[in-house]
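Take 107 as the starting number for the sequence shown in the numbering used here and just add one per residue.
Backbone N, C-alpha and C define an ideal beta-carbon position, used for all residues, glycine too.
Notes follow once the structure below has been shown.
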Amino acid sequence: TKPSNCIGSQFNESKLSPKLRSKLKISWPDVESGNDTKFWEGEWNKHGTCSQDTLNQTQYFARSHAFWNIRNITEILKNASILPHPTQTWKYSDIVSPIKAVTHRTPLLRCKSDPAHPNNPQLLHEVVFCYEFNALKLIDCNRTSRCGNQPISFQ
């Protein structure tokens with residue numbers, strides 16, 4: 107299970123240096139509202155506070171960026187010819203297989219329907235990696251996906 111809503115210090119924007127902020131804008135942006143700072147605040151307050159015994163806020167976000175850099179999903183999918191496209195769709199396994207081949211672990215995909223077009227294929231929203239408690243070792247995700255067996259659009 108993922109640790110969440112632990113007691114700890116709340117998000118402090120000043121602890122994110124301009125250099126780290128610019129890295130996070132690439133590796134961990136808010137793809138829904140575009141308010142990255144508010145998004146990072148929510149991630150820290152919900153999950154990061156649970157890591158405070160090991161990682162402070164700066165270390166938490168630096169490690170998040172480092173993990174993204176090591177396992178660049180965009181590149182993995184690009185190498186498998188899975189690129190953003192306005193109409194092409196993929197099966198769940200089409201997306202998970204190349205990621206698993208590179209990382210040797212099973213990720214979890216999260217999808218969302220497009221509210222403007224509810225009859226269209228679901229959109230790939232997030233690729234989740236699961237880690238052991240101290241966030242050093244990648245493990246298989248064994249949670250259920252919200253993507254189901256419907257076609258997935260990557261835009």
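Apply the 10 Å Cβ neighbour rule to GLN261 and answer buried if 16 or more other Cβ atoms are within range, or exposed otherwise.
Exposed, because fewer than 16 other Cβ atoms sit within 10 Å of the Cβ of GLN261.
Go through the region 175-250 residue by residue and report every complete run of the alpha helix (DSSP H) that reaches 4 residues or more, in order.
If you keep only unbroken alpha helix (DSSP H) runs of at least 4 residues inside the region 175-250, you get 179-185, 198-209.
Residue of ILE205, ALA222, LEU229 minimising C-alpha distance to CYS193
A small correction: the amino acid at residue 193 is Thr; Cys does not occupy that position in the sequence shown. Across the set ILE205, ALA222, LEU229, the C-alpha of LEU229 shows the shortest separation from the C-alpha of THR193.
Supposed close pair ILE245, TRP196 - CB separation, criterion 8 Å:
TRP196 and ILE245 do not touch by the CB rule: their CB atoms are close to 24 Å apart, not below 8 Å.
Nearest CA to the CA of SER187: which residue from ARG169, PRO204, PHE173?
Nearest Cα to SER187 within the set ARG169, PRO204, PHE173: PRO204.
Secondary structure at ILE263, three-state DSSP: helix, strand or coil?
Because residue 263 is not part of the residues shown, which for the chain are 107 to 261, the question remains open.
Considering only the beta carbon of each residue, do ILE182 and VAL202 sit closer than 8 Å?
Cβ atoms of ILE182 and VAL202: not closer than 8 Å.
Going by other Cβ atoms of all chains shown within 10 Å of its Cβ, with 16 needed for buried, is LYS242 buried or exposed?
In the sequence under discussion, the amino acid at residue 242 is Leu, which differs from the Lys named in the question. Under this definition LEU242 is an exposed residue.
Is PHE167 buried or exposed, if buried means 16 or more other CB atoms sit within 10 Å of its CB?
By the neighbour-count rule (16 or more Cβ atoms within 10 Å), PHE167 is buried.
Going by Cα to Cα distance, which pick from PRO224, GLU238, THR250, LYS218 is closest to HIS231?
When each option's Cα is compared against that of HIS231, the closest is LYS218.
Reference SER128; option with closest CA among PHE239, ASN248, GLN256, TRP146
Minimum Cα distance to SER128 is reached at TRP146.
Apart from the five residues just before and just after ASN118, which ones in its own chain have a Cβ nearer than 7 Å to its Cβ?
The residues are GLN163.
Kindly indicate which residue of HIS223, THR160, GLY114, THR250 has the alpha-carbon position closest to the one of CYS236.
Selected option, being the one with the closest Cα: THR250.
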